[in-house]
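Asker: Numbering (the working numbering), first residue to last: 1 to 133.
Cβ coordinates follow ideal geometry from the N, Cα and C atoms, glycine included.
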Amino acid sequence: MSLPSDLMYTESHEWVRLNDDGSVTVGITDYAQAQLGDLVFVESPEVDADVDAGDAVAVVESVKAASDIYAPLAGRISESNGALADAPELVNTSPYEDGWLFTMAPNDTSDVEELLSAESYEAFIAGDEEDED
């Protein structure tokens, strides 16, 4: 499982990359896409929508299940990944690069620091897996 250390993570399995312009790019983690299986559809968030942290903003559907994707921060959705309409499998094959879901302008970029580090997220999912045993 891949967990880039330059990203931040949420307990709902989104990753967040702080961009140079203050925006953030959001996707789902390698762990999440592996749990879901092969994605067959991505419902992108509405561009220009104002959202609160924790709001359900998108949906990913796999052969196993449909899952909500949550806004990791409060802010405005600025872009969705149009490539996913025709190729949702990019989330499976490249979750941290080509398979990103959306970008947003956070109300406060310092909120990114409140998210989980790669190490903290890894410990969180290790505890989650132990609970399943």
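Starting from Thr93, trace the alpha helix (DSSP H) in both directions and tell me its first and last residue.
Answerer: Position 93 of the sequence shown, counted from the first residue, corresponds to residue 93. Leu90 to Thr93 is the span of the alpha helix (DSSP H), which, as asked, contains Thr93.
Asker: Taking Asp111 as part of the alpha helix (DSSP H), name the residues at either end of that continuous run.
Answerer: Counting from one through the sequence shown, the residue named residue 111 turns up at place 111. Where Asp111 is concerned, there is no enclosing alpha helix (DSSP H), given that its DSSP letter is neither H nor E.
Asker: Taking the alpha-carbon positions, what's the Ala71 to Glu114 distance?
Answerer: The residue labelled residue 71 in the question sits at position 71 within the sequence shown. The residue labelled residue 114 in the question sits at position 114 within the sequence shown. Taking the straight line from one Cα to the other gives about 14 Å.
Asker: Is the beta carbon of Val24 sitting closer than 7 Å to the one on Met104?
Answerer: Within the sequence shown, numbered from 1, the residue matching residue 24 stands at position 24. Within the sequence shown, numbered from 1, the residue matching residue 104 stands at position 104. Yes, Cβ-Cβ distance for Val24 and Met104 is below 7 Å.
Asker: Could you check what DSSP says for Tyr121 in three-state terms: helix, strand or coil?
Answerer: As a first step, residue 121 is located in the sequence shown; it is residue number 121 there, counting from the start. Note: Tyr121 maps to helix in three-state DSSP.
Asker: Where does the unbroken alpha helix (DSSP H) through Asp30 begin, and where does it stop?
Answerer: Stepping through the sequence shown from its first residue, residue 30 is reached at position 30. First-last of the alpha helix (DSSP H) with Asp30: Asp30 to Leu36.
Asker: Helix, strand or coil, according to DSSP, for Leu84 in the structure here?
Answerer: As a working mapping, residue 84 is identified with position 84 in the sequence shown. The answer is helix: DSSP assigns Leu84 an H, G or I state.
Asker: Which residues bound the beta strand (DSSP E) around Leu18?
Answerer: Mapped onto the sequence shown, residue 18 falls at position 18. Where Leu18 is concerned, the enclosing beta strand (DSSP E) stretches over Glu14 to Leu18.
Asker: Using the rule of at least 16 other Cβ atoms within 10 Å of the residue's Cβ for burial, across every protein chain shown, is Asp21 buried or exposed?
Answerer: Taking the sequence shown and counting its residues from 1, one reaches residue 21 at position 21. Its Cβ having fewer than 16 others within 10 Å, Asp21 is exposed.
Asker: Using 8 Å as the cut-off, can you tell me whether the segment 32-41 makes contact with the segment 86-99, which would need three or more C-beta pairs spanning the two stretches below that distance?
Answerer: Yes, they touch.
Asker: Just how far apart, CA to CA, sit Ala83 and Ala123?
Answerer: Along the sequence shown, one-based indexing puts residue 83 at 83. Along the sequence shown, one-based indexing puts residue 123 at 123. Straight-line Cα distance between these residues: approximately 32 Å.
Asker: How should Thr93 be labelled, buried or exposed, when 16 other C-beta atoms within 10 angstroms of its C-beta is the threshold for buried?
Answerer: On the sequence shown, residue 93 is found 93 positions in, with the first residue counted as 1. So Thr93 ends up on the exposed side.
Asker: If we count the other Cβ atoms within 10 Å of its Cβ and call it buried at 16 or more, is Val60 buried or exposed?
Answerer: Counted from its first residue, the sequence shown places residue 60 at position 60. By the 10 Å Cβ count, Val60 comes out buried.
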